[in-house]
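Student:
In this note's numbering, the protein residues as written are 108 to 190.
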């Protein structure tokens, strides 16, 4: 069963698959850096009411599948996560 976000006159289910890549795709996301990146992404998501459905951190990129509010553009969500 889906978790819909309910508004006064709406029912939404906004999802996006976002891939974040470090500059020159260097393999720097290992060990403690990967743990720190995961913690920071979780904290940012919680602050902006973004639900992380799943995510995976590889050495040279991060996959995040998220659910977000309908009044927030995807570009703003990516800006929050990358900032």
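Just so you know, even glycine gets a beta-carbon here, dropped at the ideal spot from N, CA and C.
Since the structure is predicted, the reported quantities are computational estimates derived from the model, not experimental observations.
Which same chain residues end up closer than 6 angstroms to residue 129 when comparing Cβ atoms and leaving out the 5 residues on each side of it in sequence?
Tutor: These residues qualify, in order along the chain: 135.
Student: Residue 188: buried (16+ other C-beta within 10 angstroms of its C-beta) or exposed?
Tutor: With 16 or more Cβ atoms within 10 Å of its Cβ, residue 188 is classed as buried.
Student: Could you check whether the region 167 to 174 touches the region 118 to 129, counting it as contact only if at least three pairs of C-beta atoms, one from each stretch, sit closer than 8 angstroms?
Tutor: Verdict: yes, contact present.
Student: Relative to the C-alpha of residue 186, which candidate in 148, 110, 140 has its C-alpha closest?
Tutor: Among 148, 110, 140, the Cα nearest to that of residue 186 is on 148.
Student: Residue 111 by DSSP, collapsed to three states: which one?
Tutor: Three-state result, residue 111: coil.
Student: State the beta-bridge partners of residue 123 as determined by DSSP.
Tutor: Its beta-bridge partners are 173.
Student: According to DSSP, residue 158 sits in a beta bridge with which residue or residues?
Tutor: Paired residues: 174.
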